[in-house]
Every structure is written in C-alpha cells, then in structure tokens.
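Participant: Numbering of the sequence shown is given in this note's numbering, commencing with residue 23 and proceeding in unit increments.
Each residue gets a CB set at the ideal place from its N, CA and C atoms; glycine is no exception.
One structure is given below, represented as structure tokens, and several questions about it will come after.
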Amino acid sequence: MTRAEIIEILTGTLSEPRFQHCLRVETIAHELAPHFQAPSELVSAAALLHDLCREYDRDQLLQLAANFGIVVDDIEKAEPLLLHGSVAAAIAETELGINHPWILEAITHHITGAPGISPLASLIFVADFIEPGRTFEEARLIRERALFLTPDCLLLKVYNRTIKYAVNQGYLVHPNSIAGRNELIMKGVNDC
Ligand SMILES: [Fe+2]
Ligand SMILES: [Fe+2]
C-alpha cells in the first residue's frame, strides 16, 4: 500500500484535525527515526495509521475487537477506547495488507507503550506525544530536546507523563505502561 493510498483512506475516515495530527506525527517521526535507529521506510505507514480508529466509539471498538479475535483485557473492557490501536493494527493487516510486524506493533502499542517494543514502536509512542500540535509545556520541552536525549530517556519521559496524567485524571493506568516504564528503570534509565 502506497502512502498516497493510506492518505486517501485516512481522509475518508478521520476528521480533518485528527488527519492533521497523523501527518504531524509522521513528520516528527521521520525527523527522529535515525535517532531511534528505526527503519525510515516503515515510519509513514505506522505514523499515519496509528489513529485510524481513534474516532470509533467504544461499542464499535469492542465489536471489531471481537470480530478480529483480539484478546481484550480487563482494563480495555473497562475503557474500550484503549483498543483503538489494536483494532487499527488488525484493519491494517487484514484489510490494507500491511504485514510488517514492527508497523503493526507500533500501531497496537502507541497508546500505552509496552515492554520490549521495537525502536519503531518506541518512536511512534514518543512522536504521538510530542508532535507540534501538543502545545502543553511538558510536550514542548521534550520536543525541543528530543535530539539531545537518548531514545530510552525520551521513552521514560513519555511513560512518566502518560502514567501521571492518567493518575491525575482518575483514569485507569494500563499495566503495559507500568511494565514498559519498569523495564527502563531496571535498565538504569533516568528521567534526564
Ligand atoms: Fe491514539
Ligand atoms: Fe495519536
């Protein structure tokens, strides 16, 4: 599937603001791909498609997850919007013919992160958080310093912010975020 074909699908699926968000994630992910040692030829598909299902409602996501045979955990049952990555990956694979495991993993895990993810998935998780449409202070500070911090440090910052935000809002914290963060701490990564 070419980039132009993906763009056509997105414009028929997403609102204009969400489409523009996906384009910004793609741009910043391309800028940071060498820094993350992520294969640049995989960046566009992962970045553009990560939010393909972000505007589906909870019932649609649960229904699609069931149709695709996606295993839904307790946290996702309680907050089905967390499924918009897994469902997008299933659609990308079965309907769009995208089968590179790193692209599918990056789409699947872009919301919460997860331990052991590839450089591409790490890149998309970070890019989604720091794309220039994220105007809050913490995203701006990380964005400005992105090329001067290690990918692990950037990843830890995004985990910390994702978890703190969920706690502050009274939202559920997905265990993949905790496990992804723990993995970095155990590797000796500091919040630099
Ligand atoms: Fe998303
Ligand atoms: Fe996003």
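Looking at ligand 1, does it come within less than 8 Å of His57, judged from the CB to the closest heavy atom?
Facilitator: For the purposes of this step, residue 57 is identified with residue 35 of the sequence shown, where counting begins at 1. No - ligand 1 has no heavy atom lying nearer than 8 Å to the Cβ of His57.
Participant: Looking only at its chain, what residues have a beta carbon closer than 6 Å to the beta carbon of Ser66, apart from the 5 residues adjacent to it on each side?
Facilitator: Residue mapping note: residue 66 aligns to position 44 of the sequence shown, counting from 1. Correct list, in chain order: Arg25 and Glu48.
Participant: State yes or no: is the C-beta of Gly107 nearer than 8 Å to some heavy atom of ligand 1?
Facilitator: The residue you call residue 107 lines up with position 85 of the sequence shown. Yes, ligand 1 has a heavy atom inside 8 Å of this Cβ.
Participant: Near Glu101, which residues of its chain fall below 6 Å by C-beta distance, leaving aside the five closest residues on each side in sequence?
Facilitator: Walking along the sequence shown from the start, residue 101 turns up at place 79. Cβ within range, chain order: Leu194.
Participant: Beta carbon of His131: closer than 8 Å to some heavy atom of ligand 2?
Facilitator: One-based indexing of the sequence shown puts residue 131 at position 109. Flag unset: Cβ of His131 not near ligand 2.
Participant: Might you give, ordered along the chain, the residues of its own chain that have their beta carbon closer than 6 Å to the beta carbon of Cys75, omitting 5 neighbours on each side?
Facilitator: One-based indexing of the sequence shown puts residue 75 at position 53. Once the five neighbours on either side are set aside, the close Cβ partners of Cys75 are His106, Val109 and Ala110.
Participant: So for Gly91, helix, strand or coil by DSSP?
Facilitator: As a working note, residue 91 is residue 69 in the sequence shown. Here Gly91 sits in coil by DSSP.
Participant: Closer than 6 Å by C-beta to Arg183: which residues in its own chain qualify, once you throw out the five before and the five after it? Chain order, please.
Facilitator: Taking the sequence shown and counting its residues from 1, one reaches residue 183 at position 161. Hits under 6 Å: Glu160.
Participant: Below 8 Å CB to CB, which residues in the same chain sit around Leu126 once its five sequence neighbours on both sides are set aside?
Facilitator: Working through the sequence shown from its first residue, we reach residue 126 at position 104. The answer, listed in chain order, is Ala111, Ala114, Glu115 and Ile120.
Participant: Quick check on Ser108: does DSSP put it in helix, strand or coil?
Facilitator: Along the sequence shown, read from residue 1 onward, the residue named residue 108 stands at position 86. It is helical.
Participant: Is it the case that the CB of Arg156 approaches a heavy atom of ligand 1 more closely than 8 Å?
Facilitator: Stepping through the sequence shown from its first residue, residue 156 is reached at position 134. Arg156 Cβ: outside cutoff for every heavy atom of ligand 1.
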